[in-house]
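A.B. asks: Counting with mature numbering (1 follows the signal peptide of the UniProt record, and there is no 0), you get residues -20 to -1, 1 to 386 for the letters of the sequence shown.
Each residue gets a CB set at the ideal place from its N, CA and C atoms; glycine is no exception.
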Amino acid sequence: MQKITYLLLALFCSSSFLMAQDNEEKLFDISIHGFVAVDAAHNSRVGNAIRNKHIYLYPLPQELDLETGIDLNSRGNTDIDAAHSRFGIHVKGPTVNGVSVFGLIEADFLGDARSADSNFRLRHAFIRLGYGDFTFLAGQTWHPFFIPENFPNMVHTGVGVPMHPLSRNPQLRLTYHQENFELSASLIEQNNFRTTGFAEGTEFGEMPEITLQLKMWSGDAWGSFSAGYKRLAMPERENMATIGTYVGSFHAQTTFRYRLPTVMVRAGALYGENLSEVAMPGGVARTTASTPENPEFKPLAYGSMWTDMERHSATWSPGVFVGYTEALGASENVDGSSIFGRDPSVTNIFSIAPRLRYHINSVTWVAVEYMYTEAGWGASYTSKGVPSEVTKYANNRVMMSMRYTF
């Protein structure tokens, strides 16, 4: 922690020195960005949450105390947190022989475990080179399925999870830019956002995830289509015969945005197999045709859709998010006793979240958001690994937030 603090102090001192050279040609253009944020939230039911319980996903099923018979998850909780406050440093230049250079480092204080809550944590760190119509990015930043130009503008930091993906990954990305579209190809690895149960799945999978993406725009309309494939090595905990066994999976997403005179409309739909690394339910299952000598596994698929609408205003900005996720199962018959992943017994999730922001000025706002989330949990599985015998559980979440952006 001390080393990181010293590094940040050095970066700030360097940026101050470079920006002070008014009478000399500047090699670098350095700027600082970020925000200070404070959230206060109350949940009516215990739920699955990530990022040190700061991002609520969906309510958990019944968990009975053996002595009293009380449902341990049927209770509320309250939290006040400022750890997702963040800052970053942009560095531009120099441009040599037509090649531009841009770098970014950004971090927050969410840590990487509950015991490390409020510890410094890397979010983005990448270098981007530009030449003509092409850019090349190397480093850690948003997964291509999280599109900065089009995501739910919720008060909740999770911005629509688990219906909308959330992940940052080390990657190499080549992008071709034109006036009304851009096309990119990305090679992606996993870091702190990992597929549940696959601690070293990408490393021993021996190939990076591959994702292609097309973005298009015209006037007030904007759209995107993305598709990808990843291969993970099965964890050795299944048995030693799984060494050298891989699970391949596909994912695809389309998003749309349209700006009306007073309202911004955003929407998206996603299909993904074993996509727990982007904060969705999912997993893998052993097929019924599998043998101990030749183990075979198939990914479990989920589909989701969401829409987000918000009124443009310099002062009051009401909005609403609606999302739905459903389990689609595997492509072959699977053994229901050999399923693992992130909550593969979740059969569907519905969420609706109205919100209201008040902009104190152009860089400061306060907001309140109510989010109702209902999740269906299965007690068994169909032959394709879809949860069955479903019981639904609901959570009511009230959240207040204040943010100052710089």
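Given this structure, state the Cα-to-Cα distance separating S368 from L84, to the nearest angstrom.
C.D. replies: Computed Cα separation, rounded: 46 Å.
A.B. asks: Identify, in the order they occur along the chain, each residue of the same chain with its Cβ nearer than 7 Å to the Cβ of Q170, setting aside the five sequence neighbours on each side.
C.D. replies: Correct list, in chain order: N149, T182 and E257.
A.B. asks: Under the three-state reduction of DSSP, which class applies to F184: helix, strand or coil?
C.D. replies: DSSP places F184 in helix when its eight states are reduced to three.
A.B. asks: DSSP three-state label for E369, please.
C.D. replies: E369: strand per DSSP, three-state reduction.
A.B. asks: Is the beta carbon of D59 closer than 7 Å to that of A17?
C.D. replies: Not in contact: A17 and D59 (Cβ atoms no closer than 7 Å).
A.B. asks: Which residue from P272, R266, T242 and Y251 puts its Cα closest to that of M289?
C.D. replies: Of the candidates P272, R266, T242 and Y251, the one whose C-alpha sits nearest the C-alpha of M289 is T242.
A.B. asks: So S54 and R25 are supposed to be a Cβ contact under 8 Å. How far apart are they, rounded?
C.D. replies: At roughly 6 Å, the Cβ-Cβ gap stays under 8 Å, so S54 and R25 are in contact.
A.B. asks: In angstroms with no decimal places, state the Cα-to-Cα distance between Y352 and N375.
C.D. replies: C-alpha separation (whole angstroms): 6 Å.
A.B. asks: Which stretch, first to last residue, makes up the beta strand (DSSP E) that contains N57?
C.D. replies: Unbroken beta strand (DSSP E) run through N57: N57 to D61.
A.B. asks: On the CB-based measure, 16 or more other CB atoms within 10 Å of its CB, does Y373 come out buried or exposed?
C.D. replies: Result: buried.
A.B. asks: So does the region 68 to 77 actually touch the region 7 to 14, counting three or more Cβ pairs closer than 8 Å?
C.D. replies: Contact between the region 68 to 77 and the region 7 to 14 is present, because at least three Cβ pairs lie under 8 Å.
A.B. asks: If we call anything under 7 Å between Cβ atoms a contact, is A63 one with L90?
C.D. replies: Contact: yes.
A.B. asks: Could you tell me the alpha carbon to alpha carbon distance between I329 and P142, rounded to whole angstroms?
C.D. replies: Approximately 8 Å between the Cα atoms of the pair.
A.B. asks: What does the Cβ neighbour count give for I127, buried or exposed, with the cut at 16 atoms within 10 Å?
C.D. replies: Classification for I127: buried.
A.B. asks: Assuming G185 and R211 are in contact, meaning their beta carbons sit under 8 Å apart, how far apart are those beta carbons, in whole angstroms?
C.D. replies: Yes, G185 and R211 are in contact; Cβ-Cβ is about 5 Å, under 8 Å.
A.B. asks: Find the nearest neighbour of T129 within the set E349, G321, W202 and Y156, judged by alpha-carbon distance.
C.D. replies: A small correction: the amino acid at residue 129 is Glu; Thr does not occupy that position in the sequence shown. The shortest Cα separation from E129 among E349, G321, W202 and Y156 belongs to W202.
A.B. asks: Under 8 Å by Cβ, that's how I've got T267 and E273 pegged, so tell me the actual separation to the nearest angstrom.
C.D. replies: Not quite, the Cβ-Cβ distance comes to about 14 Å (not below 8 Å), so this is no contact.
A.B. asks: Got a sec? Which residues, its chain only, sit under 6 Å from V348 by beta carbon, not counting five neighbours each side?
C.D. replies: These residues qualify, in order along the chain: L336 and M380.
A.B. asks: Could you tell me how far apart the beta carbons of A232 and A207 are, in whole angstroms, since I believe they sit closer than 8 Å?
C.D. replies: Right, the Cβ-Cβ distance comes to about 4 Å (below 8 Å), so this counts as a contact.
A.B. asks: Taking only the alpha-carbon atoms, compute the straight-line gap between A265 and L308 and give it to the nearest angstrom.
C.D. replies: Computed Cα separation, rounded: 13 Å.
A.B. asks: From A179 to Y251, what distance separates their C-alpha atoms?
C.D. replies: Using only the alpha carbons, I get a separation of about 23 Å.
A.B. asks: Since M289 is in the beta strand (DSSP E), which residue starts that stretch and which ends it?
C.D. replies: Segment F277 to R291, the beta strand (DSSP E) holding M289.
A.B. asks: Output yes or no for whether 7 Å exceeds the beta carbon distance between T305 and Y282.
C.D. replies: Cβ distance < 7 Å, so T305 and Y282 count as in contact.
A.B. asks: Comparing alpha-carbon positions, which option in K33, A87, G27 and R31 lies nearest D51?
C.D. replies: Looking at the Cα atoms, G27 is the closest of the given residues.
A.B. asks: Could you round the C-beta distance between A118 and F131 to whole angstroms and report it? I think they count as a contact, below 8 Å.
C.D. replies: That belief does not hold up - the Cβ atoms of A118 and F131 are roughly 23 Å apart, past 8 Å.
A.B. asks: Looking at the structure shown, is S229 part of a helix, part of a strand, or coil, going by DSSP?
C.D. replies: It is a strand residue.
A.B. asks: Hey, how far is the Cα of D9 from the Cα of Q120?
C.D. replies: Each residue's Cα considered, the two are about 21 Å apart.
A.B. asks: What residue range is occupied by the uninterrupted beta strand (DSSP E) comprising P215?
C.D. replies: Per DSSP, P215 belongs to no beta strand (DSSP E) and is neither H nor E.
A.B. asks: State the Cα-Cα distance for the pair R322 and N77, rounded to the nearest angstrom.
C.D. replies: Approximately 48 Å between the Cα atoms of the pair.
A.B. asks: Taking only three categories from DSSP, how would you classify S317?
C.D. replies: Strand, per DSSP.
A.B. asks: Can you list, in chain order, the residues of its chain with a C-beta nearer than 7 Å to that of N57? Leave out the 5 residues immediately preceding and following it.
C.D. replies: Here the set comprises N23 and V26.
A.B. asks: Where does the unbroken beta strand (DSSP E) through E253 begin, and where does it stop?
C.D. replies: That run of the beta strand (DSSP E) goes V243 to E253.
A.B. asks: Could you tell me whether the Cβ atoms of P279 and E253 are closer together than 7 Å?
C.D. replies: Yes, they are a contact pair.
A.B. asks: Roughly how many angstroms lie between the CA atoms of residue 387 and V370, to the nearest whole one?
C.D. replies: A query on residue 387 cannot be resolved here, the shown segment of the chain reaching from -20 to 386 and no further.
A.B. asks: Compute the distance between the beta-carbons of G358 and T327, then report whether it is under 7 Å.
C.D. replies: Their beta carbons are under 7 Å apart, which means G358 touches T327 by this criterion.
A.B. asks: Comparing the CB of L308 with every heavy atom of the ligand MG, is any distance shorter than 6 Å?
C.D. replies: Because no ligand of any kind appears in the structure shown, any question about the ligand MG cannot be addressed here.
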